[in-house]
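Enquirer: Position in the sequence shown counted from 1, then plus 55, gives you my numbering. We treat Cβ as the ideally placed atom computed from N, Cα and C, and that holds for glycine.
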Amino acid sequence: MVFASLPGTAAAEPALAPAPYAQLEKELDTRIDFETLPRRAEPGINLDAPIRDGGAWLGERLAGQRVTGPLHDDPRGTPTLPLAVRAGAPGANLSLAYHRGLGSTALFPLGPADFPALEARGEGAVAVVFDHGQRAIGLRIHSDYPAPLGRARPQGTVTLTFYRADGQVIGQVRRRLSGGINEQGFRRAGGIADIAAFTLANDDPGGIALDDILYQTAPMSF
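Written out as structure tokens, the structure reads:
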């Protein structure tokens, strides 16, 4: 796992630190589990607009950004203020479907191949904007399904970029995935509740699915 700090901060004190997902489940009071819509098998439900869930908005990218990449979407550019999510092109935004590996409905970011193509599922980007600043977040990422006959494909990486409400980057995390469920947790250095948004991109050959995004709706007490 690679953590990048804010410009000017000491390398020994990164702006973000890893946190056990199981611990964040106890600390944080809310999760986005994508169970509000009817359960559908893959390819699932195509969503051409941003999603509102509790105290957060989800889309393809942040307003002011663009996505690049021939196979996988990668959000680039400085977001405009106030922070907001933007949907991708029709058929290339997000979809929801029952995921056998996670055992629940999950979010599939759609890539350039467009819904309902198999090669589009999980190849896109995701942006999340919170109503309130966060001290910590967690999420579960599934990387590919088990390969038939033992012909396993190599897993790729995910890159998460965290933003303050003023659009400045707090830090960036790049994580190599293992096959199956990857539980990820991140905590802000010093307990500062200023994570206003994050974007997630991946280069996994089989695509990814997201579920159970943990965050806080009320002030945290320690």
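(1) Hey, Leu149 and Gly179: beta-carbon distance below 9 Å or not?
(2) From the DSSP output, read off the bridge partner residues of Glu238.
(3) With DSSP run on the structure shown, which of helix, strand or coil describes Ala175?
(4) Excluding five sequence neighbours on each side, which residues of the same chain lie with their C-beta closer than 8 Å to the C-beta of Gln78?
(5) Can you tell me which of the three DSSP states Leu92 falls into?
(6) Do Ala147 and Phe170 come within 9 Å of each other at the CB atom, strictly closer than that value?
(7) Taking Gln78 as part of the beta strand (DSSP E), name the residues at either end of that continuous run.
(8) For Gly245, is the classification buried or exposed, using 16 other Cβ atoms within 10 angstroms of its Cβ as the cut-off for buried?
(9) Please report the residue range of the beta strand (DSSP E) in which Leu265 lies.
(10) Tell me whether the beta-carbon of Asp258 lies closer than 9 Å to the beta-carbon of Leu117.
(11) So, at 6 Å on beta carbons, what are the nonlocal neighbours of Ala168 in its own chain, with the 5 sequence-adjacent residues on each side left out?
Expert: In short:
(1) yes
(2) Arg195
(3) helix
(4) Gly240
(5) coil
(6) yes
(7) Looking at the DSSP string, Gln78 is not in any beta strand (DSSP E); the run it does join, the alpha helix (DSSP H), is 76-82.
(8) exposed
(9) 263-270
(10) no
(11) Glu174, Ala175
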